[in-house]
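Under mature numbering (1 follows the signal peptide of the UniProt record, and there is no 0), read the sequence shown as residues -19 to -1, 1 to 283, first letter to last.
Okay, so here's the structure we're looking at.
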Amino acid sequence: MRLSLLSLTVAVASTTTNAFVPTLLRSSSSSPAAAILATTPLLLSSKFVSTRATATTQNSPLQSAKDNIDTNITSEDENTTCAENNMSGATLATMVDKEYPGTAVARMIAVRARVAELASGDDLNGPWEDVRRRILWAGGLKDLPNSRPGQGYTGHSFNDYNHVDLTTMNDQVSNNTNNGQVEGIAYGNRLGEGIRIASLPELGAGGSWSTCAMGCNKDPPQDVAHLQFRSRIAFKLVWVPNELYDTFVLVDDDGKLLARGTPSDGPSALPPLRERQLNYRIMAGSKYSKEAEKIARNVATE
């Protein structure tokens, strides 16, 4: 079973970027549990299992994480029974992605719930800087344009071609380094401190970061999220290759459409055209580019 986006109502309120939170969200409960419970069908996917304890260490082999999962949960039917009988936040927090055990699963689901709320209105079609802050908020990141790089700075997030993967990683892997795994990325790429400073706590355990997308066009993806952090992405921003590159899509780890937007202040207010073109280019031919290409084709035939 593959992950799919559901129509959700988010029950989470941001304490740091309320100016960019949709009215419906600002008036809802402060507990993230409702948002996570509303997405319980996502947890029934065979990608996820419940675990009593994990021992995912820095850059540990995937098999070692698999060996630590609860061996009593081996089938999709049994996953269903587990989720139906254990609906507490604590149980949901123990869900582990079998293929990418560095994923903070409950946090990823809460992020996608926030994206669904943005997609249900007009929040992604306003001025670009407002839109970008809303995307940060949905991803569980603070807007910290004045912080120093490495100390939570997020001014670059979704503002260039590369830092467009919203990754939710668990605490055990947030200090992982690249160690040369991702081509074109700094050997160390130490992000742990910045992740801890910039991550909004109300979305649950683990942290968020806008990781580099380079390498995502390979199968399986060879980018920072999937290699350095052994994590899925909650969403990726891809610019649509239309004439102006003025529309973007947010897609999930399977390349499925979560949201789209066309900022109202036009191309001149967006990241430079070269950055938007290069953003699409590093996705081209992969599962992540399909929705953007579909929109571009539709525009071309209108």
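Where is the CB? At the ideal position from N, CA and C, for every residue including glycine.
Mapping the DSSP letters down to three states, classify M264 as helix, strand or coil.
In the structure shown, M264 sits in a helix (DSSP, three-state: H, G or I).
With a threshold of 8 angstroms, are at least 3 pairs of Cβ atoms found where one atom belongs to the segment 238 to 246 and the other to the segment 187 to 198?
No, the segment 238 to 246 is not in contact with the segment 187 to 198.
What three-state label does DSSP hand V221 in the structure shown?
It is coil, neither helix nor strand.
If distances are taken between C-alpha atoms only, which option among T148, L172, P201 comes closest to F216?
Among T148, L172, P201, the Cα nearest to that of F216 is on T148.
What would DSSP say about L99, mapped onto helix, strand or coil?
The answer is helix: DSSP assigns L99 an H, G or I state.
Note down, one range per segment and in chain order, each alpha helix (DSSP H) of at least 4 residues found wholly within the segment 104 to 143.
You should have 109 to 119.
Is it the case that the segment 127 to 143 contacts the segment 231 to 239, given that we only count it when at least three CB pairs across the two stretches are under 8 angstroms?
Touching, no, given that fewer than three Cβ pairs across the two stretches are closer than 8 angstroms.
With burial defined as no fewer than 16 other Cβ atoms inside 10 Å of the residue's Cβ, what is the status of G120: buried or exposed?
Per the 10 Å Cβ criterion, buried.
So if DSSP puts R241 in a beta bridge, which residue, or which two residues, is it bridged to?
Paired residue(s): V230.
Short check: CB of E272 to CB of L238, under 8 angstroms?
A contact, by the Cβ cut-off of 8 angstroms.
Assign N260 to buried or exposed, taking buried as 16 or more other Cβ atoms, counted over all protein chains shown, within 10 Å of its Cβ.
N260 should be labelled buried.
Can you tell me where the beta strand (DSSP E) holding G188 begins and where it ends?
Element bounds for G188: 188 to 193.
Counting along the chain, where does the alpha helix (DSSP H) carrying G185 start and finish?
Unbroken run through G185: none, as it is neither H nor E.
Does the separation of the CB atoms of E174 and G107 fall below 8 angstroms?
No. Outside cutoff.
Quick one: Cα of Y269 to Cα of V154, how far?
Whole-angstrom Cα-Cα distance: 24 angstroms.
At the level of alpha carbons, what is the spacing between L218 and V145?
If you take the alpha carbons of L218 and V145, they lie about 5 angstroms apart.
How is the alpha helix (DSSP H) around E174 delimited, first residue to last?
Its alpha helix (DSSP H) spans residues 173 to 179.
Drop a sphere of 10 angstroms on the beta-carbon of A28, count the other beta-carbons inside from all chains shown, and report buried for 16 or more, exposed for fewer.
One point to set straight first is that residue 28 is Lys, not Ala, in the sequence displayed. It counts as buried.
Pop quiz: W109 and L225 are said to be a contact at Cβ under 8 angstroms. What is the actual Cβ separation, rounded to whole angstroms?
Not quite, the Cβ-Cβ distance comes to about 13 angstroms (not below 8 angstroms), so this is no contact.
With a CB to CB cut of under 6 angstroms and the five nearest residues on each side skipped, what residues in its chain are close to L122?
For L122, where only same-chain residues beyond five positions count, the Cβ hits under 6 angstroms are T135, A179, S189.
Measuring CA to CA, which of P202, D104, D227, R95 is closest to P253?
When each option's Cα is compared against that of P253, the closest is D227.
How should A265 be labelled, buried or exposed, when 16 other C-beta atoms within 10 angstroms of its C-beta is the threshold for buried?
Classification for A265: exposed.
Quick one: what does DSSP say K271 is sitting in, helix, strand or coil?
Residue state, collapsed to three classes: helix.
Can you tell me which residues form a DSSP beta bridge with I90?
According to DSSP, I90 bridges with nothing at all.
Using C-beta distances below 6 angstroms, list every residue in its chain close to E274, excluding the 5 sequence neighbours before and after it, in chain order.
Within the same chain, E274 has no close Cβ partners at all.
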